[in-house]
Amino acid sequence: MNALFDIIKAEIEADGPITVARYMELALAHPEHGYYQKQDPFGEDGDFVTAPEISQMFGEILGLWMAVVWQGMGEPDPLNLVELGPGRGTLMADALRAAHALEDFDDAVRMWMIETSPALREKQKEMLKPAMLMPAWRDSFEEVGPGPLIVIANEFFDALPIQQIARADDGWRERLIGMNDEGDKFEYTLSEDLADSSVVPEELRNSTPPGSIFEYQPASQAIMRQISERVVKEGGVALFIDYGHIEHGIGETLQAVKDHKFTDVLKNPGDVDLTAHVDFLQLTKVAEEAGATVLGPVPQGAFLERLGLGQRANALMMNGNEDQVAEIDAAYKRLTDAEEMGTLFKVIAIVPPGFGVPPWAE
Ligand SMILES: C[S@@+](CC[C@H](N)C(=O)[O-])C[C@H]1O[C@@H](n2cnc3c(N)ncnc32)[C@H](O)[C@@H]1O
1 MNALFDIIKA EIEADGPITV ARYMELALAH PEHGYYQKQD PFGEDGDFVT APEISQMFGE
61 ILGLWMAVVW QGMGEPDPLN LVELGPGRGT LMADALRAAH ALEDFDDAVR MWMIETSPAL
121 REKQKEMLKP AMLMPAWRDS FEEVGPGPLI VIANEFFDAL PIQQIARADD GWRERLIGMN
181 DEGDKFEYTL SEDLADSSVV PEELRNSTPP GSIFEYQPAS QAIMRQISER VVKEGGVALF
241 IDYGHIEHGI GETLQAVKDH KFTDVLKNPG DVDLTAHVDF LQLTKVAEEA GATVLGPVPQ
301 GAFLERLGLG QRANALMMNG NEDQVAEIDA AYKRLTDAEE MGTLFKVIAI VPPGFGVPPW
361 AE
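Position 313 of the sequence shown, counted from 1, bears residue number 313 in this note's numbering, the numbering being contiguous throughout.
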């Protein structure tokens, strides 16, 4: 038990069981005790490692991707370069170093970091000091100024609150979190009223047996809708890299991680990372409803290969000593191998209609 446990318990005792989304929101983003608000969880010494923290090659390749996309857009100036949930800022620092080769790109960029954690904003500021560009930090994408954009987000959607709906004998009910009888543990329960089952895809709604859980992503969908509408109206590309599935699935993917190990979702809120697999199909539908075209999903390994990660790794290995060669080789494999991040992680791009299919999205 910790301070946030008491805060959540008080909310449940006052108003009744809370949604899974509310629990995640408090656990990850409570202003004082939320997981991302109070710590830097990245890296081997932290709780988990993300792709940009594995190797500088990841951000560098994405920097070259940004420059090429900008050229393909007709080199708009100004260009809004937006990163959602930048973590330590490593991806953008590496990307800007690589994109710096195109001098005009630097001049055109107006950079925005969408980040709710004050602790991580500070990290990002430090990380971006060597770059010639300082971003404007904002809490939400809606605050990004007008004009064409390139948006990038790595492992952003998986950190946003999800809802769970469970099939009961008489229909679908919202899965909620309440207290056990002793008041010393959270436990799952179901809503008293039947839930709006239209959030469950039609093909699953009636055929799914009692006890099944379906996860949906209202927070991610709202952001996807805003970004898609902007891309259609003002031009640009939004690239999302995340782990998840490309078909709707029944089952629970919400998970808690601490010190690189899985742990109990309902214990130690604010001290453990909570994530859920991204349902790329739900997000694709939202983007298409907003009039955008969705490219992909492309597996991360294939995407990075098409952008030249293999050549970049080889070039770095030619100049490295034995230890460095081993390190680069290991990072390359971790980012691209099917048993590592190569296929579980996927890439989708949101583009305006008529954008075409560039080689990286084929
Ligand atoms: C899993 S981390 C990914 C970090 C980084 N992109 C990387 O690859 O290392 C999630 C990031 O999203 C931020 N975040 C979480 N919820 C957010 C929200 N609602 N709005 C903006 N940023 C958010 C977190 O503070 C953190 O920077």
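Virtual Cβ for every residue (Gly too), placed ideally from N, Cα, C.
Owing to the predicted nature of the structure, the values given are computational and were not obtained by experimental measurement.
Discussion item. Mapping the DSSP letters down to three states, classify lysine 38 as helix, strand or coil.
Written reply: By one-based count along the sequence shown, residue 38 stands at place 38. Note: lysine 38 maps to helix in three-state DSSP.
Discussion item. With three or more C-beta pairs closer than 8 Å as the rule, is the segment 43-61 touching the segment 116-133?
Written reply: No, because fewer than three Cβ pairs between the segment 116-133 and the segment 43-61 fall closer than 8 Å, the two stretches do not touch.
Practice prompt. For phenylalanine 262, collect the residues of the same chain with a Cβ closer than 8 Å to its Cβ; drop the 5 residues on either side in sequence, then sort them by chain order.
Written response: Working through the sequence shown from its first residue, we reach residue 262 at position 262. Here the set comprises Gln255 and Ala256.
Discussion item. Can you determine whether any heavy atom of ligand 1 sits closer than 7 Å to the C-beta of proline 86, and answer yes or no?
Written reply: On the sequence shown, position 86 is the one that residue 86 refers to. When distances are taken from the beta-carbon of proline 86 to the heavy atoms of ligand 1, the shortest one is below 7 Å.
Worksheet item: Whose CA, out of Val109, Ser220, Ile328 and Arg175, lies closest to the CA of serine 446?
Response: As displayed, the chain neither begins before 1 nor continues past 362, which places residue 446 out of reach and without an answer.
Worksheet item: Expressed to the nearest angstrom, what Euclidean distance is found between the alpha-carbon atoms of glycine 308 and tryptophan 112?
Response: Walking along the sequence shown from the start, residue 308 turns up at place 308. Walking along the sequence shown from the start, residue 112 turns up at place 112. When only Cα atoms are considered, glycine 308 and tryptophan 112 end up about 27 Å apart.
Worksheet entry | Opening and closing residue of the beta strand (DSSP E) in which aspartate 106 lies | Stepping through the sequence shown from its first residue, residue 106 is reached at position 106. Aspartate 106 -> not in any beta strand (DSSP E); alpha helix (DSSP H) instead, spanning 103-108.
Worksheet item: Would DSSP call glutamine 217 helix, strand or coil?
Response: In the sequence shown, the residue the question calls residue 217 occupies position 217. Taken through DSSP and simplified to helix, strand or coil, glutamine 217 comes out as coil.
Practice prompt. Measure the beta-carbon distance from valine 265 to isoleucine 162 and round it to whole angstroms, keeping in mind my assumption that it falls under 8 Å.
Written response: Position 265 of the sequence shown, counting from 1, holds the residue named residue 265. Position 162 of the sequence shown, counting from 1, holds the residue named residue 162. The Cβ separation is near 11 Å, so there is no contact.
Discussion item. If the criterion is Cβ atoms closer than 8 Å, does the pair alanine 108 and glutamate 75 meet it?
Written reply: Working through the sequence shown from its first residue, we reach residue 108 at position 108. Working through the sequence shown from its first residue, we reach residue 75 at position 75. In this structure, glutamate 75 lies closer than 8 Å to alanine 108 by Cβ.
Fill in: Helix, strand or coil at valine 200 [DSSP, three-state]
For the purposes of this step, residue 200 is taken as the residue at position 200 of the sequence shown. Note: valine 200 maps to coil in three-state DSSP.
Worksheet item: Can we count alanine 98 as close to ligand 1, meaning its CB is less than 7 Å from some heavy atom?
Response: Here residue 98 is taken as the residue at index 98 of the sequence shown, counted from 1. Relative to ligand 1, the beta carbon of alanine 98 is positioned no closer than 7 Å to any heavy atom.
Practice prompt. Please classify arginine 121: does DSSP put it in a helix, a strand, or coil?
Written response: Stepping through the sequence shown from its first residue, residue 121 is reached at position 121. Here arginine 121 sits in helix by DSSP.
Item to complete: Rank Glu115, Ile250, Lys185 and Ala315 by C-alpha distance to the C-alpha of alanine 10 and give the top, closest one.
Response: Stepping through the sequence shown from its first residue, residue 10 is reached at position 10. Answer by Cα proximity: Lys185.
Worksheet item: Is alanine 153 near glutamate 83, with beta carbons less than 8 Å apart?
Response: Locating residue 153 in the sequence shown gives position 153, counting from the first residue. Locating residue 83 in the sequence shown gives position 83, counting from the first residue. Judged by beta-carbon spacing, glutamate 83 lies within the 8 Å limit of alanine 153, meaning their Cβ atoms are closer than that value.
Worksheet item: Within this structure, are the beta carbons of valine 286 and serine 228 separated by less than 8 Å?
Response: Here residue 286 refers to the residue found at position 286 when the sequence shown is read from its first residue. Here residue 228 refers to the residue found at position 228 when the sequence shown is read from its first residue. Taking 8 Å as the Cβ cut-off, valine 286 and serine 228 qualify as a contacting pair.
Fill in: Between the CA atoms of arginine 312 and phenylalanine 58 - distance to the nearest angstrom
Start at 1 with the first residue of the sequence shown, and residue 58 comes out as number 58. Start at 1 with the first residue of the sequence shown, and residue 312 comes out as number 312. Rounded to whole angstroms, the gap between the alpha carbons of phenylalanine 58 and arginine 312 is 10 Å.
Item to complete: For the beta strand (DSSP E) containing phenylalanine 303, list its first residue and its last residue.
Response: As a working mapping, residue 303 is identified with position 303 in the sequence shown. Here phenylalanine 303 belongs to no beta strand (DSSP E); instead the alpha helix (DSSP H) covers 300-306.
Fill in: beta strand (DSSP E) segment containing aspartate 323, residue limits
Reading the sequence shown from its first residue, position 323 is the one you call residue 323. Here aspartate 323 belongs to no beta strand (DSSP E); instead the alpha helix (DSSP H) covers 322-336.
Discussion item. So, for serine 197: in the same chain, excluding its five sequence neighbours on each side, which residues have a beta-carbon less than 6 Å away from its beta-carbon?
Written reply: On the sequence shown, residue 197 is found 197 positions in, with the first residue counted as 1. Excluding residues within five positions, the ones whose Cβ falls inside 6 Å are Trp172 and Arg205.
Worksheet entry | For glutamate 174, the three-state DSSP class (helix, strand or coil) | Counting from one through the sequence shown, the residue named residue 174 turns up at place 174. Glutamate 174: strand per DSSP, three-state reduction.
Fill in: Reference glycine 211, options Asp169, Glu187, Ile114 and Arg230, closest by Cα
Position 211 of the sequence shown, counting from 1, holds the residue named residue 211. Closest by alpha carbon: Asp169.
Worksheet item: Would the C-beta of phenylalanine 303 count as close to ligand 1, meaning under 7 Å from any of its heavy atoms?
Response: For the purposes of this step, residue 303 is taken as the residue at position 303 of the sequence shown. Because no heavy atom of ligand 1 lies under 7 Å away, the Cβ of phenylalanine 303 does not count as near it: no.
Discussion item. Does the distance between the C-beta of proline 52 and the nearest non-hydrogen atom of ligand 1 fall short of 7 Å?
Written reply: For the purposes of this step, residue 52 is identified with residue 52 of the sequence shown, where counting begins at 1. Yes, the beta carbon of proline 52 sits closer than 7 Å to at least one heavy atom of ligand 1.
Worksheet entry | Check: glutamate 115 C-beta below 7 Å from any heavy atom of ligand 1 | Here residue 115 is taken as the residue at index 115 of the sequence shown, counted from 1. Yes, Cβ of glutamate 115 sits closer than 7 Å to a heavy atom of ligand 1.
Worksheet item: On the three-state DSSP scale, how would you describe leucine 316?
Response: On the sequence shown, position 316 is the one that residue 316 refers to. Helix at leucine 316.
Item to complete: With a threshold of 7 Å, establish whether the CB of phenylalanine 42 neighbours any heavy atom of ligand 1.
Response: The residue labelled residue 42 in the question sits at position 42 within the sequence shown. For ligand 1, at least one heavy atom lies less than 7 Å from the Cβ of phenylalanine 42.
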